[in-house]
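Just so you know, UniProt numbering puts 23 at position 23 of the sequence shown, and the rest follows in order with no gaps.
The beta-carbon is built from N, C-alpha and C at its ideal position, and this holds for glycine as well.
To start, the structure itself, in structure tokens.
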Amino acid sequence: MITLPPDYHPSEDEEFMNPLQVEYFRQKLLKWRADLLKEADETLASLSEGGIHEADITDRASVETDRALELRTRDRARKLISKINQALLRIENGSYGFCEETGEPIGLKRLEARPIATLSIEAQERHERMEKIHRDD
Numbered sequence: 001m002i003t004l005p006p007d008y009h010p011s012e013d014e015e016f017m018n019p020l021q022v023e024y025f026r027q028k029l030l031k032w033r034a035d036l037l038k039e040a041d042e043t044l045a046s047l048s049e050g051g052i053h054e055a056d057i058t059d060r061a062s063v064e065t066d067r068a069l070e071l072r073t074r075d076r077a078r079k080l081i082s083k084i085n086q087a088l089l090r091i092e093n094g095s096y097g098f099c100e101e102t103g104e105p106i107g108l109k110r111l112e113a114r115p116i117a118t119l120s121i122e123a124q125e126r127h128e129r130m131e132k133i134h135r136d137d
């Protein structure tokens, strides 16, 4: 087990995906997942507090809309947790941080911004261009 210095941030000056960087991203992903699970628990608790008790039809509609929005948000979070779990598996098997199309490093800035990224910026842009072309057909 690697202990990170409290002020550690990955740097371009060090070897890409060295043990410190891997541990940094592993901890970042674990914290992100824990935060999402905590939010999901809070949502579940608020939704299980009972039915809608608003007498006014407008208030009731507003509460129902808020609940529907919260459920959609939770569904997105559920999908994100799945992607976080996949990223943690990539950390375990040693493929984390490398583009799944080219095998090239994804880049620290991209991983900082999107720790679940599986494609380099170039590969992602190609992928999005191809989607756009096929969508326009």
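Would you identify the three-state DSSP class for residue 6, choosing helix, strand or coil?
As a first step, residue 6 must be located in the sequence shown, where it is residue number 6. If DSSP states are grouped into helix, strand and coil, residue 6 belongs with coil.
Helix, strand or coil for residue 16 per DSSP?
For the purposes of this step, residue 16 is taken as residue 16 along the sequence shown, with counting starting at 1. Reduced to three states, the DSSP call for residue 16 is coil.
Whole-angstrom Cβ separation of residue 101 and residue 119, contact assumed at under 8 Å?
Locating residue 101 in the sequence shown gives position 101, where the first residue counts as 1. Locating residue 119 in the sequence shown gives position 119, where the first residue counts as 1. Between residue 119 and residue 101 the Cβ distance is about 6 Å, and since that is below 8 Å, they are a contact.
Throw me the rounded Cβ distance for the residue 29 and residue 88 pair, which I believe falls under 8 Å.
Position 29 of the sequence shown holds residue 29. Position 88 of the sequence shown holds residue 88. So it is a contact: roughly 6 Å between Cβ atoms.
Would you call the CB atoms of residue 116 and residue 84 closer than 7 Å?
Residue numbering aside, residue 116 sits at position 116 when the sequence shown is read from its first letter. Residue numbering aside, residue 84 sits at position 84 when the sequence shown is read from its first letter. Yes, Cβ-Cβ distance for residue 116 and residue 84 is below 7 Å.
Could you give the first and the last residue of the continuous alpha helix (DSSP H) run that contains residue 80?
Here the question's residue 80 lines up with position 80 in the sequence shown. 57 to 93 is the span of the alpha helix (DSSP H), which, as asked, contains residue 80.
What distance in whole Å lies between the Cβ atoms of residue 34 and residue 74, which are believed to be in contact at a cut-off of 8 Å?
Position 74 of the sequence shown, counted from the start, is the residue given in the question as residue 74. Position 34 of the sequence shown, counted from the start, is the residue given in the question as residue 34. Not a contact, Cβ separation roughly 16 Å.
Quickly, what does DSSP pair residue 98 with across the bridge? List them, please.
Locating residue 98 in the sequence shown gives position 98, where the first residue counts as 1. For residue 98, which the question treats as bridged, DSSP gives the partners 105.
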